[in-house]
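Okay, structure first, notes after.
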Amino acid sequence: MQTASDDSLRIARDREFAPWPHAALDVAALRRAGQRPSPFRQFVLKVHSRCNLDCTYCVIYQGEDASWRGRPARVSPGVMRETARRIAEHAVGHGLSEVRIDLHGGEPLLSGADTALQYTAAVRRALPAGVALRATVQSNGTLITDRTLDRLADANIRVGLSLDGGTAHLNARRVDHAGRPSWPAAERAARLLADRPELYAGILCAIDITSDPGEVYSSLAALRPPRLDLLLPHANWSSPPPGLPARAPGAWPAVPTPYGDWLAAAFDLWWDGAPDGSQPRVRLFTEVLALLLGVPSTTESIGLSPTCAVVVHTDGSVEQIDSLNLAYDHATATGLDVFRHAFDEALDHPGIVARQLGPAGLADECRACPVGRVCGGGNYGHRYSRGTGFRHPSVFCADLERLVRHAAGRLSAVMPPD
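Note that the numbering used here has the sequence shown beginning at 282, numbered continuously upward.
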């Protein structure tokens, strides 16, 4: 359990490594001025804190934060019970009609389906009548069997896969701790899910610019996911992404845009589509198009929608999203846990508040940028620079502008003249 001295160390570390928002943001003053929080609607519940894979780019196990080492491998019944109670308390307090839980790890099926099923059942029991529950397991696919899918289907839990593409070559970075490929087992899981569309949530893919975008997109589309998330790799100004030079925040004159070029090529393949309309819905692309048409985003990684997600770890600690793990050790920590704190207390954490401020939470460059309201500054974790914090444009700023302008061009070509 966290102590007062632990809290003091955490606060001092936050202020040292990320003065904005941890020192510069006056939450009490914002509340007095009328700024109100948006409730959490998505709860990322850590079922297992270990993984059977050792992916070379994993933001959890290869990042700056090693706090996972001190956490229980598996969530306990007590943590499940308290988390379920807190979720119900939050839903009732904010009049929510639906909440979403994402069962994550590590690998959430590492101890079989039982724990995920028990966690979902606990939340479902705790929620009052009239509050719907959407539940998804996000898996690397290596432990999925027909029997596992039967049990998850019976509990109305959908399944998402994490892959780097639809071939063995594209998934070469996804290996187990002995260096053996995960693809044979992951491919089997993808084939099983393709035959059960009612259970298939989609595929998450962190893009690798050394891979051909056409090969990645077409091979993933061949696995018939209903939805595909193409994600920029987690990086920031202090830990730049592969293929981009190290530079100071905001310094990008004539910087190359390899990630924007990659995404623009994938966008064209998706936009032009299969003749039978069978291509998956690519969330990044649909969100960009919606924002260009004036529709608010449904994710905080693009656009200006406030964050609505919070994480609960296997020990019951309440934290921010995993993409901050690359910033500094314990960057996701809030000092809160489900045994002592309501989720409303997390809404007043400076890191959460900063991601609910809309344009006011962006860097000056982003507020002045003509595509700033579409990219929204990009993923919050990608804005980080050590010693100053998170009030910068994304390290992928030029790449995001490249994608947005490309999508706008394709969209304008088919819009009515008026």
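Virtual Cβ for every residue (Gly too), placed ideally from N, Cα, C. Bear in mind the structure is a predicted one, so any value in this text is a computation, not a measurement.
Contact belief for residue i with residue j at Cβ below 8 Å, rounded distance in angstroms
| i | j | result |
| --- | --- | --- |
| residue 644 | residue 291 | Wrong, their Cβ atoms sit about 25 Å apart, outside the cutoff. |
| residue 345 | residue 608 | 6 Å |
| residue 486 | residue 511 | 6 Å |
| residue 452 | residue 388 | In fact, because the Cβ distance is near 15 Å, the residues do not count as touching under 8 Å. |
| residue 483 | residue 444 | Their Cβ separation, rounded to whole angstroms, is 10 Å, which puts residue 483 and residue 444 out of contact at 8 Å. |
| residue 357 | residue 637 | The pair is not a contact, with the Cβ atoms about 31 Å apart (cut-off 8 Å). |
| residue 382 | residue 404 | 6 Å |
| residue 471 | residue 442 | 6 Å |
| residue 428 | residue 396 | Not a contact, Cβ separation roughly 16 Å. |
| residue 647 | residue 653 | 4 Å |
Check: residue i C-beta below 7 Å from any heavy atom of the ligand GDP
| i | result |
| --- | --- |
| residue 289 | In the structure on display, the ligand GDP does not appear, and there are no ligands present to speak of. |
Reference residue i, options the options, closest by Cα
| i | options | result |
| --- | --- | --- |
| residue 520 | 333, 366, 286, 666 | 666 |
| residue 448 | 616, 437, 468 | 468 |
| residue 489 | 410, 342, 514, 498 | 514 |
| residue 603 | 591, 597, 595, 596 | 591 |
| residue 323 | 414, 476, 648, 307 | 414 |
| residue 658 | 561, 651, 675 | 675 |
| residue 642 | 578, 611, 586 | 586 |
| residue 662 | 653, 655, 294, 672 | 672 |
| residue 570 | 559, 549, 589, 588 | 549 |
| residue 682 | 540, 633, 619 | 540 |
Helix, strand or coil at residue i according to DSSP, with G and I counted as helix
| i | result |
| --- | --- |
| residue 630 | coil |
| residue 336 | coil |
| residue 357 | coil |
| residue 687 | helix |
| residue 413 | strand |
| residue 652 | coil |
| residue 539 | helix |
| residue 394 | coil |
| residue 431 | helix |
| residue 472 | helix |
| residue 426 | coil |
| residue 637 | coil |
| residue 682 | helix |
| residue 695 | coil |
| residue 568 | helix |
| residue 477 | coil |
| residue 663 | helix |
| residue 399 | helix |
| residue 609 | coil |
| residue 404 | helix |
| residue 708 | The chain is shown only over 282 to 699; residue 708 falls outside these bounds and no answer can be derived. |
| residue 501 | helix |
For residue i: DSSP bridge partner residues
| i | result |
| --- | --- |
| residue 510 | 485 |
| residue 301 | 670 |
| residue 677 | Looking at the DSSP assignment, residue 677 forms no beta bridge with any residue, so it has no partner. |
| residue 316 | According to DSSP, residue 316 bridges with nothing at all. |
| residue 617 | 599 |
| residue 622 | DSSP, once it has assigned bridges, lists no residue as partnering residue 622. |
| residue 526 | Answer is none; residue 526 lacks a bridge partner. |
| residue 381 | 323, 415 |
| residue 439 | 417 |
| residue 367 | Note: residue 367 sits in no beta bridge, so no partner. |
| residue 590 | 323 |
| residue 456 | 462 |
| residue 562 | 508 |
| residue 329 | 355 |
Burial state of residue i, where buried means 16 or more other Cβ atoms lie within 10 Å
| i | result |
| --- | --- |
| residue 522 | buried |
| residue 581 | buried |
| residue 601 | buried |
| residue 421 | buried |
| residue 458 | exposed |
| residue 517 | buried |
| residue 372 | buried |
| residue 680 | buried |
| residue 380 | buried |
| residue 572 | buried |
| residue 660 | buried |
| residue 506 | buried |
| residue 538 | buried |
| residue 303 | buried |
| residue 437 | exposed |
| residue 398 | buried |
| residue 450 | exposed |
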